[in-house]
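Going down the list, the protein sequences come from chains A and B. If you read the first sequence in the numbering used here, its first letter stands for residue 362, the second for the next number, and so on. If you read the second sequence in the numbering used here, its first letter stands for residue 362, the second for the next number, and so on. Don't be surprised by glycine CBs; every beta carbon is placed ideally from N, CA and C. Below: the structure, in C-alpha cells.
Protein chains: 2
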Amino acid sequence: MDVAAACCENCESQKIKAMKKLDYEQLASLPLFLGIDGSTLSSIYETINPVVAPMRKGNAIITSGEECRSLLFLLEGFVQASAAFGKNRFTIYELVHAVSVVEPQCLFGLHTTYTRNYTADSGGYYLRLPKSVIVRQMMENDVFRFNFTNMLSSLAQDTVNRLRRLPPQTTEAKITDLFSRQVLRPAGRKQIKCKMTDLAECVGETRLNVSRTLHKLEDAGLLSFTRGIIDIPYMEKLIAKVM
Amino acid sequence: MDVAAACCENCESQKIKAMKKLDYEQLASLPLFLGIDGSTLSSIYETINPVVAPMRKGNAIITSGEECRSLLFLLEGFVQASAAFGKNRFTIYELVHAVSVVEPQCLFGLHTTYTRNYTADSGGYYLRLPKSVIVRQMMENDVFRFNFTNMLSSLAQDTVNRLRRLPPQTTEAKITDLFSRQVLRPAGRKQIKCKMTDLAECVGETRLNVSRTLHKLEDAGLLSFTRGIIDIPYMEKLIAKVM
C-alpha cells in the first residue's frame, strides 16, 4: 500500500504536463513586460497568444552553438546550464531559476548562437517568443524596448566589470577565479566536472597543491569534492572568502 | 624668417577650431544612423540640429566616474582613453580613433557612469547627443533602435567571450593577459604606466622575472619600455605571439 502510494505520488510528479496558454498575469510579470500598461498588455496578449511548453527533468531545451531565433523565458522550475571550457578540460553546471530570460544578448549582434547547453532540471514550464515577436515589440512598445535596452546594457556593464578584476595570487583564489569568470551568475550552486590534473594545468599549479587547496576549502565548508566532481553550494560565499 | 614661418604653421595647427554644424553626410555615416532612409534622416537632421564641438590636444572631454547623460561620437581626430587599475598600481592609455561611439553601454542599465577618462590627443571634433535625443530616436526610428540594440548585443557578446579565456601560464602571457583584459579594444597602440615592482605583484611573479620577460619581448620587437612606461605598438601582435 505504502509502495503503491509512493509510486502514485511519483507518477504524479513525473507526469508530463501539457502545453497550456500563459496566464495574462504571468505575462505582466515577465522581465521584459514589466511596467507595460494594462490595455497595451491586453492587446499584446491577444496578438501573441503565448503558449507555454512543459518540461520534464532531463529534457534538452537548448544546445550550445544553436542559433538563437527566439527569446526563451523560464517560467517555472529549474534549468541546468552547462558548458565545457579549456578544450573540454572542465565542464561547469549551474542552475537557472524561474523567472529568467536565457542569454538575451544572443538575439541580436554579431554572434547569435547560444554559448551553453540548457537541460530541464525539474518539471516546469517555459515560453519561447520568436524573434519576430520581439522585433515587433521593440518597434511598437516603448516600455518593452527600454526594458530590453536596460537588460543588455546591464549585462555589458557586468561583464566589463568582471574583466577588470586583477589576476589572483593564491591557489585558492586561482581556482575560484577560474570558475567565477565562466559562470553565468557568480552566485548560487555550481558543480564542476574535471580531473584534478586538468584543473592543476588550468591554474598553473601542481596537482598536489590543488588537491591540498581543495581539501582546505572543503574543511572550511565552502565546497565538497569527490572523484571528478567539485560541488560549490554557494559561489558567492566562496568568492567573498578567498578573493 | 624660417622661425616665423614655423611659428605660424604651429599657430595654425594649434588654433582652436570653432563650434560648427555637423554636415548632413557626416550624420548619415555615424554608426547608429547608418541605413536610415534619406527623408527620415533629413527630418532628424532638422530636429536635432547637430552642432559639433572642436577639441584641442590635452582637453579633458570625459572624466572617469562621470554620469553618462549623452552619447559622445568622436568625429575627427584621436582621443586618449585612460584608466587606473589594481588600486592605482598601473594606468593604461589607449587611443580611440574617429569615428567611434564612447561607452554606449553606459547610457542605460544599472551603472551609468563612464569607466575611463577621455582626453583629446589631437585636434578634431566630437558630437554629443543628449540622452533625450537618443531616447526619442529609440522610440521613433526603427533603424536607429536596431543599430543600438546590435551595438549593445555585440559588446556584451565580446566581453562574455573575453571572460572565457583560460588563465595564462607563462610570464609573457600573464603580462599580456593582464593588459588585454582591461583595454577597450585588444588591438592598436597601448601605453602602460607602472612600476616594475607593482607589475610583478599584479602578475604574481618576481621583479627580476618580469624585467627579463619585458626585455625578451622588447628584443622581439613587440614592445619597448623605459622607466615606468611600457609602450606596445600593436596589442594584436603581442596577443597573437604570446597567448
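Roughly how far, in whole angstroms, is the beta-carbon of residue i from the beta-carbon of residue j, given that I think they are within contact range, below 8 Å?
| i | j | result |
| --- | --- | --- |
| residue 385/A | residue 435/A | Actually they are not in contact, since the Cβ atoms of residue 385/A and residue 435/A sit about 19 Å apart, beyond 8 Å. |
| residue 554/B | residue 481/B | In fact, because the Cβ distance is near 19 Å, the residues do not count as touching under 8 Å. |
| residue 388/B | residue 402/B | 7 Å |
| residue 521/B | residue 520/A | 5 Å |
Does the Cβ-Cβ distance between residue i and residue j come in under 8 Å?
| i | j | result |
| --- | --- | --- |
| residue 598/A | residue 578/A | no |
| residue 527/A | residue 446/B | yes |
| residue 484/B | residue 459/B | no |
| residue 538/B | residue 604/B | yes |
| residue 479/A | residue 444/A | no |
| residue 564/A | residue 455/A | no |
| residue 379/B | residue 489/B | no |
| residue 477/B | residue 559/B | no |
| residue 432/B | residue 518/A | no |
| residue 492/A | residue 546/A | no |
| residue 572/B | residue 557/B | yes |
| residue 453/A | residue 440/A | no |
| residue 437/A | residue 474/A | no |
| residue 502/A | residue 593/A | no |
Tell me the DSSP secondary structure of residue i in three-state form.
| i | result |
| --- | --- |
| residue 373/A | Because residue 373/A carries a pLDDT of 47, less than 50, the predicted location of this residue cannot be relied on, and the following value inherits that uncertainty. In this structure, residue 373/A counts as helix in the three-state DSSP scheme. |
| residue 469/A | coil |
| residue 450/A | coil |
| residue 426/A | coil |
| residue 492/A | helix |
| residue 592/A | strand |
| residue 483/A | coil |
| residue 463/A | coil |
| residue 598/A | helix |
| residue 392/A | helix |
| residue 382/B | strand |
| residue 502/B | coil |
| residue 583/B | coil |
| residue 401/B | helix |
| residue 367/A | Confidence in residue 367/A is poor, its pLDDT being 42 and thus under 50, which makes the residue's placement too unreliable to answer from. |
| residue 510/B | helix |
| residue 408/B | helix |
| residue 362/B | Note that residue 362/B scores 35 on pLDDT, short of 50, meaning its location in the model is unreliable; the coordinates nonetheless yield the value given after this. Note: residue 362/B maps to coil in three-state DSSP. |
Say yes only if the C-beta of residue i is nearer than 7 Å to one or more non-hydrogen atoms of the ligand ADP, and no if none qualify.
| i | result |
| --- | --- |
| residue 484/B | The model depicted lacks the ligand ADP and carries no ligand whatsoever. |
Task: Entirely enclosed beta strand (DSSP E) segments - the segment 512-574 of chain A, minimum 3 residues - done: Those beta strand (DSSP E) runs which fall completely within the segment 512-574 of chain A and span 3+ residues are 551-555.
TODO: Give a yes or no on contact between the segment 528-545 of chain A and the segment 497-517 of chain A, applying the rule of three or more CB pairs nearer than 8 Å.
DONE: No, the segment 528-545 of chain A does not touch the segment 497-517 of chain A.
TODO: Spell out a yes or no on whether the segment 510-524 of chain A and the segment 461-475 of chain A are touching, meaning 3 or more CB-CB pairs, one atom from each, closer than 8 Å.
DONE: Counting C-beta pairs closer than 8 Å gives three or more between the segment 510-524 of chain A and the segment 461-475 of chain A, which meets the contact rule.
Open item on the list: Does the contact criterion of 3 or more C-beta pairs under 8 Å hold for the segment 584-591 of chain A versus the segment 553-572 of chain B?
Closed with: The segment 584-591 of chain A makes no contact with the segment 553-572 of chain B, as fewer than three CB pairs between them are under 8 Å.
TODO: Could you tell me whether the segment 487-499 of chain B touches the segment 402-414 of chain B, where touching means 3 or more Cβ pairs closer than 8 Å?
DONE: Yes, the segment 487-499 of chain B touches the segment 402-414 of chain B.
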